[in-house]
Each structure stands twice: as C-alpha cells, then as structure tokens.
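To start, the structure itself, in structure tokens.
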Amino acid sequence: MSWDFETDAEYQKLLDWADEFVRTKVEPMDYVYKNPYDKSDKDAVAALKPLQKEVKEKGLWACHLGPDLGGPGYGQVKLALLNEILGRSNWAPIVFGCQAPDSGNAEILAHYATDDQKKRYLQPLLDGEIHSCYSMTEPQAGADPALFETKAVRDGDGWVLSGEKWFSSNAPYSEFFIVMAVTDTEKSTYHGQSMFIVPKETPGVEIIRSTGAGPDPSHQSHSYIRYNDVRLPFDALLGDEGGAFAIAQTRLGGGRIHHAMRTIAQCRKAFDLMCERALSRRTRNGKLADLQMTQQKIADSWIEFEQFRLLVLRTAWKIDKYQDYMKVRKDIAGVKVAMAKVYHDIVQRSMQLHGALGISGEMPFSEMMIAAQVMGIADGPTEVHQITVAKQVLRDYEAGDERWPSAHIPTRTAEARKLLGVDK
Ligand SMILES: Cc1cc2nc3c(=O)[nH]c(=O)nc-3n(C[C@H](O)[C@H](O)[C@H](O)COP(=O)(O)OP(=O)(O)OC[C@H]3O[C@@H](n4cnc5c(N)ncnc54)[C@H](O)[C@@H]3O)c2cc1C
0 MSWDFETDAE YQKLLDWADE FVRTKVEPMD YVYKNPYDKS DKDAVAALKP LQKEVKEKGL
60 WACHLGPDLG GPGYGQVKLA LLNEILGRSN WAPIVFGCQA PDSGNAEILA HYATDDQKKR
120 YLQPLLDGEI HSCYSMTEPQ AGADPALFET KAVRDGDGWV LSGEKWFSSN APYSEFFIVM
180 AVTDTEKSTY HGQSMFIVPK ETPGVEIIRS TGAGPDPSHQ SHSYIRYNDV RLPFDALLGD
240 EGGAFAIAQT RLGGGRIHHA MRTIAQCRKA FDLMCERALS RRTRNGKLAD LQMTQQKIAD
300 SWIEFEQFRL LVLRTAWKID KYQDYMKVRK DIAGVKVAMA KVYHDIVQRS MQLHGALGIS
360 GEMPFSEMMI AAQVMGIADG PTEVHQITVA KQVLRDYEAG DERWPSAHIP TRTAEARKLL
420 GVDK
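Counting from 0, one number per residue, gives the positions in the sequence shown under numbering that gives the first Met the number 0.
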C-alpha cells in the first residue's frame, strides 16, 4: 500500500525555510522592483544576488534540474511543493533559478543541444547569468502550428531564417532566442519544422515592439519579432532537422505543469484574502462570513482549490513515475484546463467580496484576473487542451451497439435473466 499524502520531514524543513524566506525577503521585492528579468536595473540586481546566493547555499537552486545540470534532481512532486510557495511572488522563481521561460528552454537544451551549444547557452542560463526567449507563436497563428510561416532554408554555409514571431516573452532581456521554423514544406507539421538557436545580436533580428498582458506598462516584454533573412551557421540547429514538434512538446509539457504549480500559490493567495475579508468586513447583519452566500463562495473555492492541487500533484507524481511526458499528456492537458478556470473563479469571488477596493489598483485582483486569462491562452488555449483530454480519454473506449447503449435496462435484464436461469 503506497498511497501517501505527506511530505517527508527533511524536505518539509526545506519547505518551511523557503516559506519564511520568500515571505520575509523575496515578496518585498515585488513591491519595490519591477521586471525581474531586466538586468539593467542595477539596484534590483544588487538586491537579487545575495538572495540567490542564500538559495544556492540551501541547495534549492534550479530544483527543476537533475544533479548533472546543477540542480538537486528532486523530481516534479517536490518541485510542485516548492513552486506552490514560489508562485506567490513574481521575483521568487528568479531568486530560486527556476523561472519561465528559461526553465523550459534549459530543459530542451539539456535534452537536445550539442556539447558546444550547451557550453555556450545552457551553462550561463543555469548559472542565472543570462535569460532566454522561446519564439514560436506567429501573428497569424498560435494554437495551430500547421499555420506557421516562418521558414529557414539552406543557403551556402548555413541557414537563412525569415518570418515573423509574436508574443515571444522576455525577448528584450534575452541573450538568445529558440525559434521554430519550417524547413521542409513537403513534410507535415510534425516533421517539417526545426528549432534554431538565434543569438539576439545576430544581424536581421528585429524586435518591432513589445507588448504586455493587461494594461500595466511595466510588463511589456512579449515581443513582436521580425527575422529579416537572418544568416545562421549549420550548428544553430537545435536537435534534429524536422524535430521541432517533438522538442516543443517536451518543452511545453514541463512548462505547463510548472505554471500550474505556481498557480496553486496564486489561488491560495486569493483564497486567503477572501477568508480574511469575510471575517473582517461587516454589514448590518454581521460579518460577511456570517452570510450564507459568502459561505458558499468560500466552500466552492476551497473544494475547487483542493481538487486542482491534488490533480497537479498527482500529475507531477506521474511524470516522476513514467519519466515520459507523452504518457501524461491527458493529465497535463487536464491540469492546464483546470488551472485557468479555478484560478479565475477563486479570484473573481475574492475580488467580489472586496467590493470597490477589490477592483481598484490598490489590490492585486485585476492583475490576477488577467493572469488567470493568460493561463487559458499561453502554451495553447483551453479549447485545444480540452480536445486533447477528450481524444485521450476516448482512446480507452470502444463503440457499443449503435441502437442500445451498454446500460440499456431491458437488454441487460434479458441477458441477466438468461444467465441466472430465471428466463422460464
Ligand atoms: C502572456 C503570454 C505569454 C506568451 N509567451 C509566449 C512565448 O514566450 N513564446 C511563444 O511562442 N508564444 C507565447 N505566447 C503565445 C501563446 O502560446 C499563444 O497565444 C497561444 O498558443 C494561442 O495562440 P493565439 O494567441 O494565436 O490564439 P489563436 O490561435 O488565434 O486562438 C484564439 C482563440 O481561438 C480559439 N481556438 C483556437 N483554436 C481552437 C480549436 N482548435 N478549437 C476551439 N477553439 C480554438 C480559442 O478560444 C483561442 O483562445 C504567450 C501568450 C501569452 C498570453
């Protein structure tokens, strides 16, 4: 019997340390400094470095990675438990060396890069010295990679990359971009596209503009990029020619579950605020907490939150068990769908209980509402993941009789009577 919902005592001590450290030293960074990826903010970098040092000394640096890459190799369940602390703060993932999109990019570099590529790009990424960008979505096509147009063609001693990408997060702060491009129009999406590593300073890389998610201009880091006949050496190819789709699946599988782990933290934050408000605010009939409609909001939120958290943890456990994202596609897609909805619903209820204050810029809810919406779009929209869940689920079923379903009572009764010999 091996079901167990407890954290081992040694790791719990580390989690307790992380909890206190994030609350007292990292969350204050969110109120003072803006973009954690912007290394031009010298004050922020100066405040960040000693925190990163403390995390490294504690052995909690880059927990998404195995020991061969400088991480402790805790696996996804332990990472989930840590991420549900780190997700409270914008700065915490960078302080702990596991921020998106660098974590996912490091994962595919570790899997697919050559030794030279690892030395040049992976090591400084793991050391937290540089940032990276993943450049896949195009202005005319996001959810459906079959519609991507950016292409790379062989020319002389290398490749020529041309096309446009959109919503390439962190491009302004990145040293290099991982770009997906069509390399063989004769082949399907699954085998006709390849990944390239493109240093930001390569001639022809043009950041047209950067946009944000929501109205806050301090987060305008999702870039519209034009690749103007960018010349790349042959060794800019990441992995096999035609292998981009498989690489993208590896990357996005990990990225989605890590977002979900951090989203647990945001849901909990909104839920805690909801409970605090319910107990603090009064109407003539007593506290908000005494009103049944408030109690319903709290009960629904708690149940949805606990279901979501268990789904994330079980998915993390399955990843650790199978070590193969393809075997947990359904679970990850399910988590991805649940994440956006649970996050949205809990934030919405908490925001509602805070009245005017809730919708004002003096509370974090409007930013959280946008973040919840982002979770339903980034890394593929909810609908696409619902399709994945349904298709995977249906693989385990077979069609029955066209007319009478398998639970058709007269049919089953006739069969049962025959079996039991009562059909006289
Ligand atoms: C904050 C943020 C950060 C991002 N960062 C990156 C990044 O770093 N790199 C990168 O490459 N991309 C990034 N993206 C882009 C993201 O991956 C795409 O937005 C996403 O894949 C959806 O593509 P789209 O925006 O073109 O929407 P579309 O493909 O145009 O879809 C629009 C809507 O149509 C509906 N829809 C689409 N397809 C289907 C379907 N099959 N069935 C039913 N309904 C459907 C859905 O409602 C969907 O939301 C980011 C996006 C956000 C919001």
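Quick reminder that beta carbons are idealized off the backbone N, C-alpha and C, glycines included.
>> Is it the case that the segment 46–56 contacts the segment 82–94, given that we only count it when at least three CB pairs across the two stretches are under 8 Å?
In response: Yes: at least three Cβ pairs fall under 8 Å.
>> Would you say the beta carbon of D143 is closer than 7 Å to some non-hydrogen atom of ligand 1?
In response: In the sequence shown, residue 143 corresponds to position 144, counting from 1. Correct: D143 has its Cβ closer than 7 Å to ligand 1.
> What does DSSP give as the partner residues of E163 in its beta bridges?
Replying inline: Residue 163 sits at position 164 when you count from the first residue of the sequence shown. E163 pairs with R225.
> G360 CB to nearest chain E CB: under 8 Å?
Replying inline: Chain labels in this structure do not include chain E; a single protein chain is all it has.
> Is A142 buried or exposed, if buried means 16 or more other CB atoms sit within 10 Å of its CB?
Replying inline: By one-based count along the sequence shown, residue 142 stands at place 143. With fewer than 16 Cβ atoms within 10 Å of its Cβ, A142 is classed as exposed.
>> For a quick check, are the C-beta atoms of V229 and V197 less than 8 Å apart?
In response: Mapped onto the sequence shown, residue 229 falls at position 230. Mapped onto the sequence shown, residue 197 falls at position 198. Their beta carbons are under 8 Å apart, which means V229 touches V197 by this criterion.
> Given a threshold of 16 other Cβ atoms within 10 Å of its Cβ, counted over all protein chains shown, does W403 qualify as buried or as exposed?
Replying inline: Residue numbering aside, residue 403 sits at position 404 when the sequence shown is read from its first letter. With fewer than 16 other beta carbons inside 10 angstroms of its own, W403 counts as exposed.
> Within 7 Å: the Cβ of M135 and any heavy atom of ligand 1?
Replying inline: Numbered from 1 along the sequence shown, position 136 holds the residue referred to as residue 135. Yes; taking the cut-off as 7 Å, the Cβ of M135 has a heavy atom of ligand 1 nearer than that.
> With respect to 7 Å, is the separation between the Cβ of D378 and the closest non-hydrogen atom of ligand 1 below this value?
Replying inline: Translated into the one-based positions of the sequence shown, residue 378 becomes position 379. Between ligand 1 and the CB of D378, the shortest heavy atom gap is smaller than 7 Å.
>> Report the CB separation of L85 from A105 in whole angstroms; it is logged as a contact under 8 Å.
In response: Translated into the one-based positions of the sequence shown, residue 85 becomes position 86. Translated into the one-based positions of the sequence shown, residue 105 becomes position 106. Here L85 is actually not in contact with A105; their C-beta atoms are around 16 Å apart, not less than 8 Å.
> Whose C-alpha, out of K199, W301, R225, is nearest the C-alpha of R208?
Replying inline: As a working mapping, residue 208 is identified with position 209 in the sequence shown. The shortest Cα separation from R208 among K199, W301, R225 belongs to R225.
> From which residue to which residue does the alpha helix (DSSP H) around A413 run?
Replying inline: The residue you call residue 413 lines up with position 414 of the sequence shown. Segment 408–418, the alpha helix (DSSP H) holding A413.
>> Could you tell me the alpha carbon to alpha carbon distance between H384 and I331, rounded to whole angstroms?
In response: What you label residue 384 is simply residue 385 of the sequence shown in a count that begins at 1. What you label residue 331 is simply residue 332 of the sequence shown in a count that begins at 1. Cα-Cα distance, rounded: 9 Å.
>> Applying the 10 Å Cβ sphere with the 16-neighbour rule, what's the burial state of V327?
In response: Translated into the one-based positions of the sequence shown, residue 327 becomes position 328. Its Cβ being crowded by 16 or more others within 10 Å, V327 is buried.
> In terms of DSSP beta bridges, what is Y133 paired with?
Replying inline: The residue labelled residue 133 in the question sits at position 134 within the sequence shown. Answer by DSSP bridge pairing, in chain order: I177.
>> Suppose you measure from the CA of G211 to the CA of H221; what does that come to, to the nearest Å?
In response: The sequence position of residue 211 within the sequence shown is 212, counting from 1. The sequence position of residue 221 within the sequence shown is 222, counting from 1. Their Cα atoms are separated by approximately 6 Å.
>> For the beta strand (DSSP E) containing R283, name the first residue and the last one.
In response: One-based indexing of the sequence shown puts residue 283 at position 284. Element bounds for R283: n/a, residue is neither H nor E.
> When the distance is taken between beta carbons, is C132 closer than 8 Å to S88?
Replying inline: Indexing the sequence shown from 1 puts residue 88 at position 89. Indexing the sequence shown from 1 puts residue 132 at position 133. In this structure, C132 does not lie closer than 8 Å to S88 by Cβ.
> Is it the case that the CB of V336 approaches a heavy atom of ligand 1 more closely than 7 Å?
Replying inline: By 1-based counting over the sequence shown, the position of residue 336 is 337. Not under cutoff, so the answer is no.
> Can you tell me whether E128 is buried or exposed, with buried defined as 16 or more other CB within 10 angstroms of its CB?
Replying inline: Position 129 of the sequence shown, counted from the first residue, corresponds to residue 128. So E128 ends up on the exposed side.
> Hey, is I177 close to ligand 1, as in C-beta under 7 Å from one of its heavy atoms?
Replying inline: Position 178 of the sequence shown, counted from the first residue, corresponds to residue 177. Answer for I177: no, Cβ out of range of ligand 1.
> So is G360 buried or exposed if we call it buried at 16+ other beta carbons inside 10 Å?
Replying inline: To locate residue 360, count along the sequence shown from 1; it is residue 361. Here G360 is exposed, its C-beta having fewer than 16 other C-beta atoms within 10 Å.
> What first and last residue would you give for the beta strand (DSSP E) that runs through P198?
Replying inline: Locating residue 198 in the sequence shown gives position 199, where the first residue counts as 1. P198 -> beta strand (DSSP E) spans 192–198.
> So what does G65 bridge to, in DSSP terms?
Replying inline: Position 66 of the sequence shown, counted from the first residue, corresponds to residue 65. In DSSP, G65 forms no bridge with anything.
> Is DSSP giving E205 helix, strand or coil here?
Replying inline: The sequence position of residue 205 within the sequence shown is 206, counting from 1. Looking at E205 - three-state DSSP - the assignment turns out to be strand.
> Using the C-alpha atoms, what's the distance from A370 back to L160?
Replying inline: Taking the sequence shown and counting its residues from 1, the one referred to as residue 160 is at position 161. Taking the sequence shown and counting its residues from 1, the one referred to as residue 370 is at position 371. The straight-line gap from Cα to Cα measures roughly 32 Å.
> Among the residues of its own chain, which have a CB less than 8 Å from the CB of G72, if the five just before and after it don't count?
Replying inline: Along the sequence shown, one-based indexing puts residue 72 at 73. L64, G65, P66, listed in sequence order.
>> When you compare the CB positions of E205 and N227, do they come within less than 8 Å of one another, or not?
In response: The count along the sequence shown starts at 1 and reaches residue 205 at position 206. The count along the sequence shown starts at 1 and reaches residue 227 at position 228. Yes, the Cβ-Cβ distance between E205 and N227 is below 8 Å.
> Under 8 Å between the Cβ atoms of I263 and R313?
Replying inline: Residue mapping note: residue 263 aligns to position 264 of the sequence shown, counting from 1. Residue mapping note: residue 313 aligns to position 314 of the sequence shown, counting from 1. For I263 and R313, no; Cβs fall outside 8 Å.
> Is it true that the CB of M325 sits closer than 8 Å to the CB of L78?
Replying inline: Here the question's residue 78 lines up with position 79 in the sequence shown. Here the question's residue 325 lines up with position 326 in the sequence shown. Inclusion of L78 and M325 in the CB contact set at 8 Å is not warranted, their separation being larger than that value.
>> Could you tell me which whole alpha helix (DSSP H) segments of length 4 or greater appear in the segment 5–38?
In response: Taking 4 residues as the shortest admissible run, the segment 5–38 contains the following complete alpha helix (DSSP H) segments, listed from N- to C-terminal end: 8–20, 26–31.
> If you scan the segment 70–146 from start to end, which runs of the alpha helix (DSSP H) of 4 or more residues do you find wholly inside it?
Replying inline: You should have 75–85, 91–94, 101–111, 122–125.
>> What residue range does the beta strand (DSSP E) around A151 cover?
In response: Position 152 of the sequence shown, counting from 1, holds the residue named residue 151. Taken as a continuous stretch (DSSP letters only), the beta strand (DSSP E) holding A151 covers 150–154.
> Any contact of the segment 406–422 with the segment 362–382, i.e. 3+ C-beta pairs under 8 Å?
Replying inline: No contact exists between the segment 406–422 and the segment 362–382.
> Would you call the segment 105–116 and the segment 235–249 in contact, with 3 or more CB pairs under 8 Å?
Replying inline: Three or more Cβ pairs drawn from the segment 105–116 and the segment 235–249 lie within less than 8 Å of each other, which places the two stretches in contact.
> When DSSP builds the beta bridges, which residues end up paired with L231?
Replying inline: One-based indexing of the sequence shown puts residue 231 at position 232. The bridge partners DSSP lists for L231 are W158.
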